[in-house]
Amino acid sequence: MSLTRYQILLFLLENSPCNQMAVQERLKIDQAALTRHFKILEKEGLVERHRNPENQREVLVEATKYAKEQLVVNPPLQHIKVKEEMESILTESERTELSRLLNKLVLGIENIEI
2 MSLTRYQILL FLLENSPCNQ MAVQERLKID QAALTRHFKI LEKEGLVERH
52 RNPENQREVL VEATKYAKEQ LVVNPPLQHI KVKEEMESIL TESERTELSR
102 LLNKLVLGIE NIEI
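Position 62 (the sequence shown) corresponds to 63 in this note's numbering; numbering is contiguous.
Next comes the structure, spelled out in structure tokens:
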């Protein structure tokens, strides 16, 4: 799975359902490219797209139960390996501090207007 599709799924896990525009704005992906990614993810059973019942012009996207199982319960082995190798460089206290700082950045970025 490509990094972009992985990022899309991670975003959807936290923000499902949402419209395609929200994904595009958050991940800074061209609309045509995003549509191609959604088609691939949909074909793999990882996302579902459907019309918003309150606004038929809007398409909502959400991660499927299968996607949640694949990313949360069974993350890709490559990602686990890279994470473990990166973490092995740091001490336990450094890993804790890094996690704290990354969480702070994520929360701060959500409040920044771009």
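Quick reminder that beta carbons are idealized off the backbone N, C-alpha and C, glycines included.
From a predicted model like this one, the values you see are computed outputs, not experimental measurements.
Open item on the list: By alpha-carbon positions, which one of L4, L14 and S3 ends up nearest to V73?
Closed with: In the sequence shown, the residue the question calls residue 73 occupies position 72. Out of L4, L14 and S3, L14 has the C-alpha closest to the C-alpha of V73.
Open item on the list: Just list the residues that DSSP pairs H51 with in beta bridges.
Closed with: Your numbering for residue 51 matches position 50 in the sequence shown. Note: H51 sits in a beta bridge opposite L61.
- [ ] Per DSSP, which residues does N56 bridge with? Please list them.
- [x] As a working mapping, residue 56 is identified with position 55 in the sequence shown. In the DSSP output, where bridge partners are listed per residue, N56 has N53.
Open item on the list: I need the straight-line Cα distance from L103 to H51, nearest angstrom please.
Closed with: Here residue 103 refers to the residue found at position 102 when the sequence shown is read from its first residue. Here residue 51 refers to the residue found at position 50 when the sequence shown is read from its first residue. Counting only the Cα atoms, H51 lies some 33 Å from L103.
Task: Proximity to I30 [Cα-Cα], best of L4, L47 and I113 - done: In the sequence shown, residue 30 corresponds to position 29, counting from 1. Taking only the C-alpha atoms, the option nearest I30 is L4.
Open item on the list: Whole angstroms are fine: how far does the CA of V107 sit from the CA of Q21?
Closed with: As a first step, residue 21 is located in the sequence shown; it is residue number 20 there, counting from the start. As a first step, residue 107 is located in the sequence shown; it is residue number 106 there, counting from the start. Rounded to the nearest angstrom, the two C-alpha atoms are 21 Å apart.
Open item on the list: Which of the three DSSP states is assigned to N16 in this structure?
Closed with: As a first step, residue 16 must be located in the sequence shown, where it is residue number 15. It is helical.
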